[in-house]
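S.K.: What follows is a structure written as structure tokens; I'll ask about it next.
Written out as structure tokens, the structure reads:
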């Protein structure tokens, strides 16, 4: 929040804006993500004294764990919400489409920092929990695919899962969760499909925004997180975005990213090129299967539903 993206040091204008005196507060030194001595050592336990050599934010760490080291590579973590990071290279890209500019990682040792565009979605796995705990449509998250596949499609149902508004790239704080297209023929499976599709539509919208800001369309999307275990959700993601989805067999990529940062600091690896085969075994790629016209129709219907979900927090007197 206080760092200048280009200098990678505290920004005097930001400190002044937030009324922070760096001399009085004693702000910690900003250091690279990968460093042999900057983060201290483990204080207790069987590994007491072991250097902590890698330190990354969770989403940046997942990008590193996916070996997203080249501009144009991106990952999406499907957890309670969704968090996308898109590698834009060695210069920050300031978004014009509602995304955040951030440092992806800095491995030090003379290497240039790498920047990313970031987009977040409020509801992903929490939407599945809503179906389970609030509506009782499924008994466990593991049932989501089987219930959704009990019907061939969404039956015309669109679920804008704006339980707390909509995040990137919309940033609509007065939207609320809204279910469209329900008829007397609507079944549980239709609502489950629409819930998964809501996450995939929002991801596709962020990917479009990233392509617009960066000038490069994504070739493949690396994925991880709990909801990525759903084959149906990942196939739906590929279909609605038109981008192949690449899922590793070992999906603890956040932990792997921190390990990679530590390994680069301590000489386990010396160059990024040595890492390209890390966690490649057993990956599954979901390729788009949906017709372009059908994809366009579904995306347009989603955007229309988003537009209709706006304004639910307003009082009638505000109209």
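Residue numbers (this note's numbering): 2 to 320.
By construction, the Cβ of each residue, glycine as well, lies at the ideal position given by its N, Cα and C atoms.
Since we're looking at a predicted model, the values are computed, not measured.
Would you report the Cα separation of residue 71 and residue 266, rounded to the nearest angstrom?
M.R.: 20 Å
S.K.: Straight-line CA distance for residue 150 to residue 190?
M.R.: 7 Å
S.K.: Give me whichever residues DSSP pairs with residue 35 in a beta bridge.
M.R.: 55
S.K.: Do we get a CB-CB distance below 9 Å when we pair residue 71 with the residues of chain C?
M.R.: Although the question refers to chain C, the structure presented lacks it and comprises just one protein chain.
S.K.: Suppose contacts are defined by Cβ-Cβ distances below 9 Å. Is residue 321 in contact with residue 192 by that definition?
M.R.: Residue coverage of the chain in this structure runs from 2 to 320, which leaves residue 321 outside it and unanswerable.
S.K.: Going by the DSSP bridge assignment, what does residue 77 pair with across the sheet?
M.R.: 85 and 224
S.K.: How is the alpha helix (DSSP H) around residue 255 delimited, first residue to last?
M.R.: Judged by DSSP secondary structure, residue 255 falls within the alpha helix (DSSP H) whose first and last residues are 254 to 267.
S.K.: Quick check: the Cα distance between residue 153 and residue 106, rounded to an integer number of angstroms?
M.R.: 42 Å
S.K.: What residue range is occupied by the uninterrupted beta strand (DSSP E) comprising residue 247?
M.R.: 246 to 248
S.K.: Please state the DSSP three-state secondary structure of residue 71.
M.R.: Coil, per DSSP.
S.K.: Would you list the one or two residues that DSSP bridges to residue 121?
M.R.: 84
S.K.: Does the structure place the stretch 273 to 286 close enough to the stretch 78 to 87 that three or more beta carbon pairs sit under 8 Å?
M.R.: no
S.K.: Would you kindly report the start and end of the unbroken beta strand (DSSP E) that includes residue 180?
M.R.: 179 to 181
S.K.: What do you reckon, are the CB atoms on residue 254 and residue 38 nearer than 9 Å?
M.R.: no
S.K.: Mark residue 145 as exposed unless 16 or more other C-beta atoms lie within 10 angstroms of its C-beta, in which case mark it buried.
M.R.: buried
S.K.: Where does residue 173 sit, in a helix, a strand or coil, going by DSSP?
M.R.: Of the three classes helix, strand and coil, the one that applies to residue 173 here is strand, per DSSP.
S.K.: Residue 4 by DSSP, collapsed to three states: which one?
M.R.: Strand at residue 4.
S.K.: Do you know whose CA, among 35, 155 and 10, lies nearest residue 23's CA?
M.R.: 10
S.K.: In whole angstroms, what separates the C-alpha of residue 303 from that of residue 129?
M.R.: Each residue's alpha carbon lies about 19 Å from the other.
S.K.: Go to residue 129, then tell me how far its alpha helix (DSSP H) extends in each direction, as first and last residue.
M.R.: For residue 129, the uninterrupted alpha helix (DSSP H) run begins and ends at 126 to 130, by DSSP.
S.K.: What is the DSSP secondary structure of residue 307, counted as helix, strand or coil?
M.R.: helix
S.K.: Any chance the CB of residue 131 is under 8 Å from a heavy atom of the ligand FAD?
M.R.: Ligands in the displayed structure: none, and consequently the ligand FAD is not present.
S.K.: If I'm right that residue 306 touches residue 183 with Cβ under 8 Å, what's the distance once you round it to whole angstroms?
M.R.: Not confirmed; about 12 Å, so no contact.
S.K.: In the DSSP output, which residue or residues are listed as bridge partners for residue 161?
M.R.: 179
S.K.: With H, G and I counted as helix, E and B as strand and the rest as coil, what does DSSP make of residue 285?
M.R.: strand
S.K.: Rank 80, 16, 20 and 13 by C-alpha distance to the C-alpha of residue 227 and give the top, closest one.
M.R.: 80
S.K.: Please name the residue in 272, 250 and 299 whose C-alpha comes closest to that of residue 286.
M.R.: 250
S.K.: Counting C-beta neighbours from all protein chains within 10 Å, is the total for residue 272 16 or more, i.e. buried, or is it exposed?
M.R.: exposed
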